[in-house]
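**Q**
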Amino acid sequence: MIEGAPWRRWVFFYVPVTGFVVALLFPFYWMIITTIRPDKELYRPWNSVNYNPFWTWQPTLEHVRDLLTTTLFSTWMLNTMIISLAATGISLFCGLLAGYALSRLKFRFAGLIGTGIFITYLVPQTLLFIPLSDIIRNFKLGDSPWALILTYPTFLIPFCTWLLMGYFKSIPKELEECARIDGAPRWKAMLYIIFPVAIPGILSAGIFAFTLSWNEFIYALVFLSSPEQKTVPVGVTSELVRGDVFFWGELMAGALLGSIPVAFVYSFFVEYYVSGITGSVKG
Amino acid sequence: MATVDAVARPQYVRAPRRGPITRLLEDERRLAFCLMLPTIVLLALFIAYPFVKGIELSVTDTTVGVPGKFVGFDNFKKIWSDDIFHIAVWNTCLYTFVTTVFKLALGLWLALLLNRHFKGKAFMRAFILLPFIIPTVLSTFAWKWMFDPTFSVLNWTLWHLGLIHGRINWLGDPSLAMISVIIVNVWRGVPFYAISLLAGLQTISPELHEAAAIDGARAWARFRHVTWPLLLPVTLVIVLFSVIQTFADFQLVYVLTGGGPANATQLFATYAYQLGIGTGLLSQGAAISLAIFPILLLVVIVQLVYIRRAETL
Amino acid sequence: MARVAMRSLNKKYDEVHAVIDVNLDIRDQEFVVLVGPSGCGKTTTLRMVAGLESITSGHISIDETVVNDLPPMDRDIAMVFQNYALYPHMSVYDNMAFGLKMRKFDKPEIAKRVQDAAEILGIEQLLKRKPRQLSGGQRQRVALGRAIVRHPQVFLFDEPLSNLDAKLRVQMRVELKKLHERLGTTAIYVTHDQVEAMTLGDRVVVMRDGRIQQVGDPMELYNEPANRFVAGFIGSPAMNFAAVRIAGANGGLWAESAGIKIKVPARLKDRLDAYADKEVTLGVRPEDLRIASDSDDKDLNFPVTVEVVERLGSEILLDVAVGGTSMVASVEPTATAKVHETLRLAVNPDRIHFFDNETEAAI
Numbered sequence: 001m002i003e004g005a006p007w008r009r010w011v012f013f014y015v016p017v018t019g020f021v022v023a024l025l026f027p028f029y030w031m032i033i034t035t036i037r038p039d040k041e042l043y044r045p046w047n048s049v050n051y052n053p054f055w056t057w058q059p060t061l062e063h064v065r066d067l068l069t070t071t072l073f074s075t076w077m078l079n080t081m082i083i084s085l086a087a088t089g090i091s092l093f094c095g096l097l098a099g100y101a102l103s104r105l106k107f108r109f110a111g112l113i114g115t116g117i118f119i120t121y122l123v124p125q126t127l128l129f130i131p132l133s134d135i136i137r138n139f140k141l142g143d144s145p146w147a148l149i150l151t152y153p154t155f156l157i158p159f160c161t162w163l164l165m166g167y168f169k170s171i172p173k174e175l176e177e178c179a180r181i182d183g184a185p186r187w188k189a190m191l192y193i194i195f196p197v198a199i200p201g202i203l204s205a206g207i208f209a210f211t212l213s214w215n216e217f218i219y220a221l222v223f224l225s226s227p228e229q230k231t232v233p234v235g236v237t238s239e240l241v242r243g244d245v246f247f248w249g250e251l252m253a254g255a256l257l258g259s260i261p262v263a264f265v266y267s268f269f270v271e272y273y274v275s276g277i278t279g280s281v282k283g
Numbered sequence: 001m002a003t004v005d006a007v008a009r010p011q012y013v014r015a016p017r018r019g020p021i022t023r024l025l026e027d028e029r030r031l032a033f034c035l036m037l038p039t040i041v042l043l044a045l046f047i048a049y050p051f052v053k054g055i056e057l058s059v060t061d062t063t064v065g066v067p068g069k070f071v072g073f074d075n076f077k078k079i080w081s082d083d084i085f086h087i088a089v090w091n092t093c094l095y096t097f098v099t100t101v102f103k104l105a106l107g108l109w110l111a112l113l114l115n116r117h118f119k120g121k122a123f124m125r126a127f128i129l130l131p132f133i134i135p136t137v138l139s140t141f142a143w144k145w146m147f148d149p150t151f152s153v154l155n156w157t158l159w160h161l162g163l164i165h166g167r168i169n170w171l172g173d174p175s176l177a178m179i180s181v182i183i184v185n186v187w188r189g190v191p192f193y194a195i196s197l198l199a200g201l202q203t204i205s206p207e208l209h210e211a212a213a214i215d216g217a218r219a220w221a222r223f224r225h226v227t228w229p230l231l232l233p234v235t236l237v238i239v240l241f242s243v244i245q246t247f248a249d250f251q252l253v254y255v256l257t258g259g260g261p262a263n264a265t266q267l268f269a270t271y272a273y274q275l276g277i278g279t280g281l282l283s284q285g286a287a288i289s290l291a292i293f294p295i296l297l298l299v300v301i302v303q304l305v306y307i308r309r310a311e312t313l
Numbered sequence: 001m002a003r004v005a006m007r008s009l010n011k012k013y014d015e016v017h018a019v020i021d022v023n024l025d026i027r028d029q030e031f032v033v034l035v036g037p038s039g040c041g042k043t044t045t046l047r048m049v050a051g052l053e054s055i056t057s058g059h060i061s062i063d064e065t066v067v068n069d070l071p072p073m074d075r076d077i078a079m080v081f082q083n084y085a086l087y088p089h090m091s092v093y094d095n096m097a098f099g100l101k102m103r104k105f106d107k108p109e110i111a112k113r114v115q116d117a118a119e120i121l122g123i124e125q126l127l128k129r130k131p132r133q134l135s136g137g138q139r140q141r142v143a144l145g146r147a148i149v150r151h152p153q154v155f156l157f158d159e160p161l162s163n164l165d166a167k168l169r170v171q172m173r174v175e176l177k178k179l180h181e182r183l184g185t186t187a188i189y190v191t192h193d194q195v196e197a198m199t200l201g202d203r204v205v206v207m208r209d210g211r212i213q214q215v216g217d218p219m220e221l222y223n224e225p226a227n228r229f230v231a232g233f234i235g236s237p238a239m240n241f242a243a244v245r246i247a248g249a250n251g252g253l254w255a256e257s258a259g260i261k262i263k264v265p266a267r268l269k270d271r272l273d274a275y276a277d278k279e280v281t282l283g284v285r286p287e288d289l290r291i292a293s294d295s296d297d298k299d300l301n302f303p304v305t306v307e308v309v310e311r312l313g314s315e316i317l318l319d320v321a322v323g324g325t326s327m328v329a330s331v332e333p334t335a336t337a338k339v340h341e342t343l344r345l346a347v348n349p350d351r352i353h354f355f356d357n358e359t360e361a362a363i
């Protein structure tokens, strides 16, 4: 703790920390409050009299209901879930194999390929989305979840590979050597010994990949066109706005519900997520 | 020679037969090749190939549905003389620079605050990361609602605190729009900086601080001479990632302002989208996307040099 | 029958020539120890036998089969590592069963073998535990158990006792020896500790800088070291060395230096004739020096000044100064010697060694 008088603790610690917490979490509070406020309370100008925006005495679920019944929101949730899980699966698979090869096997182009993968991590999606849209169209993948399931790994794999490489490096090589002497061929030693020991790393990479997939926007925006195919971020952006009118209640309900799966997964695996960030930064 | 216990005298067992695939994969290089194959195929198909295609697009005059013919550097000449492009470049640089500075400063402050033992620390860490976890588009909508000219809660608060007398048109006023966008980006990025820097801080042995304190250094001096230099490598890596992401940012601006008002918040990515997908001028959009690349490369190289230098200190 | 033969074995890592022309024949059921300082190539040699390092040139054969190109899984060997290398996510039982599963043994056979091995090592009650719940000594036993369940042709040991505390090390050394007596499997053991080498090995191979210095049973190495390095490496406290000059006088040969003048014993006289008027190195072990009594032959003792007296209980070590160099003498615990005292030390003439100054070989 900060040394010194209690007032110093308050000024230099409690006040700033509270300030940060309020600033960082307020938008979510606002999301929740807006979702449960009835329309007539929502659409009152900011300088009306007797207006308290921070609380409601008549909470309602009408926005949520409208969202789920009159829009394709549940379809979008399903799409996003499937795409995220599939992309995460593919990326973990590729990342595990590549991470193992790069960190534990000796082969001629290891350094070059490792650098190459690192570089692709630095290539942002906004650089590639235009030519990619053309390619997706040519492969006849347009407007289907496959367009995303196959392209998301491009930014997920480098990260997973990198994270898992760090993990593998910390596993002593004697474990593998012993397994090979015990009678295991290389691939079995990898599968039965190294991978199980690296499970914390796999969880970290998986969770990170899942949240990154859920968060992706531009590819989903460009490659998907029909409303039934859209993911939550794109659906909420394009379908919940009719003309110039924003249906804020439903929008916030959509934002809230759309965030829940990610927040849910995250809450169970906070430690793994944090070690994912710190691992990637230190590696 | 050793005597042998009759019961324990072992029988030598032959190794089992191995299938041909196992034999093949036993070779280190072949196994590595097989393991790397899926990754290389995916990345080649969906990163290397599009990159090349992007270059090809940018030197033709393709539009949606109409294949183009080779036009050399025409597209680049067009965007070079395009006023909006200049604005986009300026905006992107400004946006990246300002947000990075604030994210670093605030993130560092928060990391220093959290680098102590107090009740609920784990809780705090988990909650603080929320802005980073929740899908950008969704939280950006919350901000858009908060910025709404007629219904803004921010306006309500500031009015009730007596700080303003008329409304603030956060997103509609060209001079304010950039500030609003910067605020949201900083809001989103601070947790990432804070948690990463916190991890970096925790690798600094407390003994170093204690030794400095005994040597007579007060808090600020300790920070400048012990904490900051040791934190530098981690900081540079974080900044590198963040700069690249921010430079190519799209979602935030698209949702909040779409690039307006009057191109006040137009960035590289949003302009490329507007031209390429919005109006279907694929080649020009591709040219803009590619124009990012040299600048990005420059930024990356400069930072990598710094990182290399900081690590060898 | 599991004999191991190494012929002209070489290992190069880029410019580093780690193992140079090693030739060794290991007999069936023999316990051979490779010993030497760090970097001498002993571990690299062991790993080549295991198949974990590729062979640059030469070959290794196990029982007439050249194994150079066989992967470790096909060589029917077992290895015990310095850090135990237990699979952390598996129970002790599964750790021991892993190798058998890889070789497609059926379940009842696996259960029987694991149980047998566990009994031999006294770890039956640990079978369900995970490695992190075990002490260092227990982990070492599990590592041993994992090796013996497979009944391999050769055991390989890579400094298995180095991570144990001193007391446990002595205990495990005895148990290893008993185990070998019981099982009789050929074994190659690598260590940097010459005590382990002497107590465990049927034969000991001393290595230095990639080459074999000497191969022989422990007493051979102790009594007849082939060169100065082996002489100084084996035995604790180490052999004393002094630079002397061979001079002929009074019909005999003398070894002389600033503080020493000793008559060369008859058995060595012929060999040292060629070194008359030349410099050689004299070697004598601390235990072969004693405090001279007046009745001792003056040709075989020399004056020294006591610098430090170390009483160990079972012996006394005297660190003495002799004409510019120091020596250590190990004398009986009842000896009376005081610091700064001058006395005479007598050497046992049957136990003096001479070494050529250029080749370092024993004369």
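From first to last, the protein sequence lines stand for chains Y, S and R.
Just so you know, we're using this note's numbering here: the first sequence kicks off at 1 and counts up by one.
Just so you know, we're using this note's numbering here: the second sequence kicks off at 1 and counts up by one.
Just so you know, we're using this note's numbering here: the third sequence kicks off at 1 and counts up by one.
From the three backbone atoms N, C-alpha and C, an ideal C-beta is built for every residue, glycine too.
(1) Please report the distance separating the alpha-carbon of Val4 of chain S from that of Glu360 of chain R.
(2) Note down, in chain order, every chain Y residue with its Cβ under 8 Å from the Cβ of Pro174 of chain S.
(3) If you run the structure through DSSP and keep just helix, strand and coil, what is His17 of chain R?
(4) If you run the structure through DSSP and keep just helix, strand and coil, what is Gln266 of chain S?
(5) Is the segment 71-84 of chain Y touching the segment 209-217 of chain Y, taking contact as three or more C-beta pairs under 8 Å?
(6) With burial defined as no fewer than 16 other Cβ atoms inside 10 Å of the residue's Cβ, what is the status of Gln125 of chain R: buried or exposed?
(7) Does DSSP put Asp39 of chain Y in a helix, in a strand, or in coil?
(8) Run through DSSP, which three-state label would Ala6 of chain S get?
(9) Would you please verify whether the beta carbon of Phe97 of chain S is less than 8 Å from any beta carbon of chain Y?
(10) Against chain R, does Gly201 of chain Y count as a neighbour if the rule is that its beta carbon must be under 8 Å from one of theirs?
(11) List the whole-angstrom C-beta distance separating Leu9 of chain R from Thr45 of chain R, where the pair is believed to meet the contact cut-off of C-beta under 8 Å.
(12) In whole angstroms, give me the CA-to-CA distance for Ala184 of chain Y and Tyr49 of chain S.
(13) Going along the chain, which residues of its own chain have a beta-carbon closer than 6 Å to the beta-carbon of Ala2 of chain S, five neighbours each way excluded?
(14) In the DSSP output, which residue or residues are listed as bridge partners for Asp158 of chain R?
(15) Give the residues of chain Y in contact with Tyr49 of chain S, contact being defined as C-beta atoms less than 7 Å apart.
(16) List the residues of chain S that Lys106 of chain Y touches, going by C-beta distances under 9 Å, in chain order.
(17) Is Gln214 of chain R helix, strand or coil when you go by DSSP?
(18) Distance, Cα to Cα, Gly259 of chain R vs Phe302 of chain R?
(19) Assuming contact is defined by CB atoms lying nearer than 8 Å, are Leu114 of chain S and Lys121 of chain S in contact in what I supplied?
(20) Helix, strand or coil for Ile295 of chain S? Go by DSSP, reduced to three states.
(21) Answer with buried or exposed for Arg186 of chain Y, where buried requires no fewer than 16 other C-beta atoms within 10 angstroms of its C-beta.
(22) Near Ser275 of chain Y, what residues of its chain come up, given a Cβ to Cβ distance below 7 Å and the 5 sequence neighbours on each side ignored?
(23) Is the CB of Thr71 of chain Y under 8 Å away from at least one CB in chain S?
(24) Give me the Cβ distance between Met31 of chain Y and Ala142 of chain S, rounded to the nearest whole Å; I'm assuming they're in contact under 8 Å.
(25) Helix, strand or coil for Met452 of chain R? Go by DSSP, reduced to three states.
(26) For a test of the three-state rule: what should DSSP assign to Arg150 of chain R, helix, strand or coil?
(27) Below 8 Å, how does it come out for the segment 135-148 of chain Y and the segment 224-236 of chain Y: are there three or more Cβ pairs, yes or no?
(28) Note the first and the last residue of the continuous beta strand (DSSP E) segment covering Met79 of chain R.
(29) Cutting at 6 Å between CB atoms, please list the residues of its own chain near Gly248 of chain R, excluding the five before and the five after it.
(30) What first and last residue would you give for the beta strand (DSSP E) that runs through Ser61 of chain R?
(31) Beta carbon of Ile128 of chain S, beta carbon of Ala213 of chain S: below 8 Å?
(32) Report buried or exposed for Trp162 of chain Y, applying the criterion of at least 16 other Cβ atoms within 10 angstroms of its Cβ.
(33) Give me the Cα-Cα distance between Phe354 of chain R and Pro333 of chain R, rounded to the nearest whole angstrom.
(34) With a CB to CB cut of under 8 Å and the five nearest residues on each side skipped, what residues in its chain are close to Pro261 of chain S?
(35) State the Cα-Cα distance for the pair Val230 of chain R and Leu289 of chain R, rounded to the nearest angstrom.
(36) Show which residues of chain R have a CB atom less than 7 Å away from the CB atom of Gly183 of chain Y.
**A** For this structure:
(1) Any reading at Val4 of chain S needs caution, since the residue's pLDDT is 40, under 50, leaving its predicted position unreliable; the model's value is listed next. Roughly 41 Å between the two C-alpha positions.
(2) Going along chain Y, no residue has its Cβ under 8 Å from Pro174 of chain S, so there is no contact; the nearest lies around 19 Å.
(3) Of the three classes helix, strand and coil, the one that applies to His17 of chain R here is strand, per DSSP.
(4) Gln266 of chain S falls in the coil class under three-state DSSP.
(5) Touching, per the Cβ criterion.
(6) Label assigned to Gln125 of chain R: exposed.
(7) If DSSP states are grouped into helix, strand and coil, Asp39 of chain Y belongs with the helices.
(8) Low local confidence applies: a pLDDT of 36 at Ala6 of chain S is under 50, so the model's placement there is unreliable, and no value is given.
(9) Cβ-Cβ to chain Y under 8 Å: no for Phe97 of chain S.
(10) Contact of Gly201 of chain Y with chain R is not assigned, every C-beta pair being separated by 8 Å or more.
(11) 7 Å between Cβ atoms; contact.
(12) Between the C-alpha atoms of Ala184 of chain Y and Tyr49 of chain S there is a straight-line separation of about 39 Å.
(13) Unreliable placement is indicated for Ala2 of chain S, whose pLDDT of 41 sits below 50; the coordinate value is still reported in the next sentence. Excluding positions up to five away in sequence, the list is empty.
(14) Partner(s): R:Val190.
(15) Those are Ile135, listed as they occur along chain Y.
(16) Listed along the chain, the chain S residues whose CB falls inside 9 Å of the CB of Lys106 of chain Y are Glu28, Arg29 and Ala32.
(17) Here Gln214 of chain R sits in strand by DSSP.
(18) Between the C-alpha atoms of Gly259 of chain R and Phe302 of chain R there is a straight-line separation of about 7 Å.
(19) Result yes, Cβ atoms of Leu114 of chain S and Lys121 of chain S sit closer than 8 Å.
(20) Assignment of Ile295 of chain S by DSSP, reduced to helix, strand and coil, places it in the helix class.
(21) Result: buried.
(22) Same-chain partners within the cutoff: Ser204.
(23) Not an interface residue.
(24) Separation of the CB atoms of Met31 of chain Y and Ala142 of chain S is rounded to 5 Å, and the pair is thereby assigned contact status at 8 Å.
(25) Coverage of chain R is limited to positions 1 through 363, which leaves residue 452 of chain R absent and any answer about it impossible.
(26) Coil, per DSSP.
(27) Touching, yes, given that three or more Cβ pairs across the two stretches are closer than 8 Å.
(28) Segment Ile77 to Val80, the beta strand (DSSP E) holding Met79 of chain R.
(29) Sequence-distant Cβ neighbours of Gly248 of chain R in its own chain, meaning closer than 6 Å and more than five residues away, are Ala276.
(30) First-last of the beta strand (DSSP E) with Ser61 of chain R: Ser57 to Ile62.
(31) Cβ atoms of Ile128 of chain S and Ala213 of chain S: not closer than 8 Å.
(32) Label assigned to Trp162 of chain Y: buried.
(33) In this structure, the alpha-carbon of Phe354 of chain R lies about 29 Å from that of Pro333 of chain R.
(34) Excluding positions up to five away in sequence, the list reads Leu171, Gly172, Asp173, Pro174 and Ala177.
(35) Looking at the two C-alpha atoms, the distance is approximately 19 Å.
(36) In chain order: Met73, Gly99, Met102 and Arg103.
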